[in-house]
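Novice: In my numbering, the protein residues as written are 35 to 485. From the three backbone atoms N, C-alpha and C, an ideal C-beta is built for every residue, glycine too. Below: one structure in structure tokens.
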Amino acid sequence: MLERQRAYFATGVTLPLRERKRALARLGKALRANEDRLCQALEADLGKSRSESYLCEIGMVHSELHHLLKNLDSYAADRRVRTPLAQFPAKSLVRPCPKGCVLIVSPWNYPVLLTLGPLADALAAGNTAILKPSDYSPNTSQLLRELIDATFPPELVTVVTGGRKENVALFSMAFDHIFFTGSQAVGKEVLRQAAERLVPVTLELGGKSPCIVDETANIPLAARRIVFGKFLNCGQTCVAPDFVLCHERVKERLVTALRKEIARQYGAEPLENKDYGRIVNRRHFDRLLGLIDPGKVVLGGESDPLAPRIAPTVMEGVDWSDPVMGEEIFGPILPILTYSDAGAAIATLRSRPKPLALYVFSRSRRSIRRWTTDLSFGGGCVNDTIIHLATAEMPFGGVGESGMGAYHGKAGFDTFTHYKSLVHKKAHPDLPLRYQPYNGVKDLVVRAFLR
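In structure tokens form, the structure reads like this:
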């Protein structure tokens with residue numbers, strides 16, 4: 035597959051903007067034509083409702099495609115830059131060029147968005163792509179394969195299904211770029227394999243994303259938006275608030291407000307709510323149950339192993355030594371920790387791995403600036419959760435242990451693009467300053483130019 039794509043790319047057929055736009059338009063058309071089937075596959079794999087499937091996956095791909103089609107002419111144009119006087123007469127420019135043949139490996143939690151979103155960026159930049167969706171979302175992965183096969187020639191885009199064996203084979207190949215979304219453990223292996231071949235990588239990973247609620251916060255609003263961000267897709271979202279760190283003076287009010295909001299959004303019996311979704315598989319379900327300390331549960335904790343489902347669960351009295359704080363939760367469990375001194379809390383968070391997201395609920399400008407400046411994180415929101423990723427106008431990505439590189443909109447185009455620097459030098463005049471033999475006069479002139 036890779037050899038066929040390399041031969042296809044070498045023909046230059048992906049370079050013209052009209053061909054890139056045509057590919058993006060075809061992807062959008064296929065997405066519209068298969069919307070019902072994609073919603074059905076997402077429901078079969080993850081229990082997602084049609085509304086959630088469009089809001090959080092299909093609609094966001096359409097938004098990315100629309101942005102790229104609108105802005106591709108400017109993104110792909112040569113950019114003139116200033117030429118140093120020492121190089122006179124000449125003109126300098128930066129030319130965006132596709133990297134070549136890329137690999138896009140996507141996870142199971144948002145299989146449509148996290149496969150087709152990066153694909154749109156790669157096609158806009160003029161690349162070919164091999165896609166590897168997760169085997170944990172088999173219905174969606176198989177449908178994506180059918181959709182891609184019917185939309186593009188395999189020399190431009192093709193899909194590889196399967197599991198670990200296929201991943202190992204793909205990671206051992208010399209792609210021109212690897213774009214991986216998934217766990218930190220697998221991300222380390224991707225980086226290790228890519229380093230052997232000097233393949234550039236983008237790693238979209240995860241981590242324990244804090245949600246700060248200070249003593250000035252609007253508690254009812256904070257609860258509503260935390261519940262939305264945390265329990266969307268049953269908490270199986272890489273940027274979901276992993277835990278709440280709230281000021282001790284507002285903890286009781288926050289717990290009360292969370293209780294009301296969970297009932298409002300998911301009903302008195304969330305496990306009976308057909309739109310709530312479910313845990314991806316039994317192994318993940320069992321792991322999550324192992325993180326719940328029944329003695330610290332103040333809300334939820336119920337589960338249905340047949341679905342499998344776990345009700346929205348809130349735990350208090352949690353500290354950093356609890357199992358639930360030892361790893362990214364990636365499920366509908368919300369631990370609440372408290373702090374009394376913001377400086378000490380910031381010091382504690384700074385001592386831990388850098389998260390993919392940070393959320394701050396506060397009405398104090400000083401407090402907001404302190405939390406968002408003193409802590410390192412991929413991106414985040416003030417007085418909301420997760421919506422920072424739902425725009426093509428800002429890059430989305432991690433930092434440190436939560437990932438490297440970014441995408442969405444211009445950042446996505448940049449990820450799959452090599453920026454080639456070119457100087458067009460005139461033949462005359464040909465100043466002799468750089469040529470030997472050197473002398474004192476030449477040295478003085480060069481020092482005047484190069485300072």
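#1: Within this structure, are the beta carbons of LEU491 and ARG71 separated by less than 8 Å?
#2: DSSP three-state call for GLU336: helix, strand or coil?
#3: I'd like the list of long-range same chain contacts for ASP418, defined as Cβ closer than 6 Å, with 5 residues on each side in sequence excluded.
#4: Which of the three DSSP states is assigned to ARG312 in this structure?
#5: In terms of residues, what are the limits of the beta strand (DSSP E) holding ALA391?
#6: Tell me where the alpha helix (DSSP H) around ARG468 begins and ends.
#7: Residues in its own chain within less than 7 Å of ARG424 by CB, not counting five upstream and five downstream?
#8: Which residue comes first and which comes last in the beta strand (DSSP E) that contains SER455?
#9: Thinking C-beta only, is VAL136 closer than 8 Å to ASN161?
#10: Measure from the alpha carbon of SER206 to the alpha carbon of each residue in GLU223, LEU190, SER396, HIS96, then state which is nearest.
#11: Under a Cβ-count criterion, where at least 16 other Cβ atoms within 10 Å of its own Cβ denotes burial, should ARG397 be classed as buried or exposed?
#12: Less than 6 Å between C-beta atoms, sequence neighbours within five positions excluded: which residues of the same chain meet that for VAL479?
#13: Taking only the alpha-carbon atoms, compute the straight-line gap between GLY474 and LYS55 and give it to the nearest angstrom.
#14: Any chance the region 286-299 sits against the region 449-458, with 3 or more Cβ pairs inside 8 Å?
#15: Taking the alpha helix (DSSP H) that MET565 belongs to, which residues open and close that run?
#16: Report the three-state DSSP secondary structure of GLU238 (helix, strand or coil).
#17: Would you kindly check if the distance between the Cβ of PHE447 and the Cβ of ASP155 is under 8 Å?
#18: Starting from the N-terminal side, write out each stretch of the beta strand (DSSP E) that is 3 residues or longer and does not extend beyond the region 247-333.
#19: Return the first residue and the last residue of the beta strand (DSSP E) that ALA124 is part of.
#20: State the Cα-Cα distance for the pair GLY351 and ARG283, rounded to the nearest angstrom.
#21: Classify HIS462 as buried or exposed, calling it buried when 16 or more other Cβ atoms lie within 10 Å of its own Cβ.
#22: CB-CB under 8 Å to THR117, same chain, minus the five flanking residues each way: which ones, in chain order?
#23: For GLU189, I'd like the list of residues in its chain whose CB is within less than 6 Å of its CB, leaving aside the five on either flank, ordered along the chain.
#24: Please state whether DSSP places PRO244 in a helix, a strand or coil.
#25: Is THR215 helix, strand or coil by DSSP?
#26: Three or more C-beta pairs closer than 8 Å, one from the region 169-187 and one from the region 304-313: is that the case here?
#27: Please report the residue range of the beta strand (DSSP E) in which LYS166 lies.
#28: In this structure, how does DSSP classify PHE430 when only helix, strand and coil are distinguished?
#29: Per the contact definition of three or more C-beta pairs closer than 8 Å, is the region 363-383 in contact with the region 268-279?
#30: Looking only at C-alpha atoms, which of ARG316, TRP354, CYS131 sits nearest to SER337?
#31: Quick test of your reading: LYS444 and PHE411, contact by CB under 8 Å. State the CB separation rounded to the nearest angstrom.
#32: Compute the beta-carbon to beta-carbon distance between GLU362 and GLY196, rounded to the nearest angstrom, for a pair I have assumed lies under 8 Å.
#33: Relative to the alpha-carbon of GLU249, which residue among ASN143, SER374, SER168 has its alpha-carbon at the smallest distance?
#34: Roughly how many whole angstroms lie between the Cα atoms of VAL194 and LEU165?
#35: Since PHE450 and ALA159 are thought to touch, with beta carbons under 8 Å apart, how far apart are those beta carbons, to the nearest angstrom?
#36: LYS82: buried (16+ other C-beta within 10 angstroms of its C-beta) or exposed?
Specialist: Concretely, from the data shown:
#1: This structure cannot speak to residue 491, because the chain is shown only from 35 to 485.
#2: DSSP places GLU336 in coil when its eight states are reduced to three.
#3: Cβ neighbours of ASP418 beyond the five flanking positions: ARG259.
#4: Note: ARG312 maps to coil in three-state DSSP.
#5: Start and end: 391-395.
#6: Premise fails: ARG468 is in no alpha helix (DSSP H) and is neither H nor E.
#7: Note that residue 424 is Ala in the sequence shown, not Arg. Result list for ALA424: MET94, in chain order.
#8: Its beta strand (DSSP E) spans residues 451-459.
#9: In contact: ASN161 and VAL136 (Cβ atoms closer than 8 Å).
#10: Minimum Cα distance to SER206 is reached at GLU223.
#11: ARG397 is exposed by the Cβ-count criterion.
#12: Here VAL479 has LEU467 as same chain residues with Cβ atoms under 6 Å from its own Cβ, once five neighbours each way along the sequence are excluded.
#13: Cα to Cα, GLY474 sits roughly 56 Å from LYS55.
#14: Taking one beta carbon from each stretch, the region 286-299 and the region 449-458 have fewer than 3 pairs nearer than 8 Å; the two do not touch.
#15: This structure cannot speak to residue 565, because the chain is shown only from 35 to 485.
#16: Note: GLU238 maps to strand in three-state DSSP.
#17: Going by C-beta atoms, ASP155 is nearer than 8 Å to PHE447.
#18: As for any beta strand (DSSP E) of minimum length 3 sitting wholly inside the region 247-333, the runs are 277-281, 331-333, ordered along the chain.
#19: Counting along the chain, the unbroken beta strand (DSSP E) around ALA124 starts and ends at 124-132.
#20: Going from the Cα of GLY351 to the Cα of ARG283 covers about 14 Å.
#21: Exposed is the call here.
#22: Cβ neighbours of THR117 beyond the five flanking positions: ALA124, LYS125, SER126, VAL457.
#23: Taken in chain order, the residues that qualify are ARG38, GLN39, TYR42.
#24: Residue state, collapsed to three classes: strand.
#25: In the three-state reduction of the DSSP assignment, THR215 falls in the strand class.
#26: In short, these stretches do not touch, since the Cβ pair count stays below three.
#27: LYS166 -> beta strand (DSSP E) spans 162-166.
#28: Strand at PHE430.
#29: The region 268-279, when compared against the region 363-383, does touch it at the 8 Å Cβ threshold.
#30: Of the candidates ARG316, TRP354, CYS131, the one whose C-alpha sits nearest the C-alpha of SER337 is ARG316.
#31: With a beta-carbon spacing of about 21 Å, LYS444 and PHE411 fall beyond the 8 Å limit used to define contacts.
#32: Actually they are not in contact, since the Cβ atoms of GLU362 and GLY196 sit about 25 Å apart, beyond 8 Å.
#33: That would be SER374, whose Cα lies nearest to the Cα of GLU249.
#34: Approximately 6 Å between the Cα atoms of the pair.
#35: Right, their Cβ atoms sit about 4 Å apart.
#36: Under a 10 Å Cβ-count criterion, LYS82 is classified as buried, with 16 or more other Cβ atoms of the shown protein chains found around its own Cβ.
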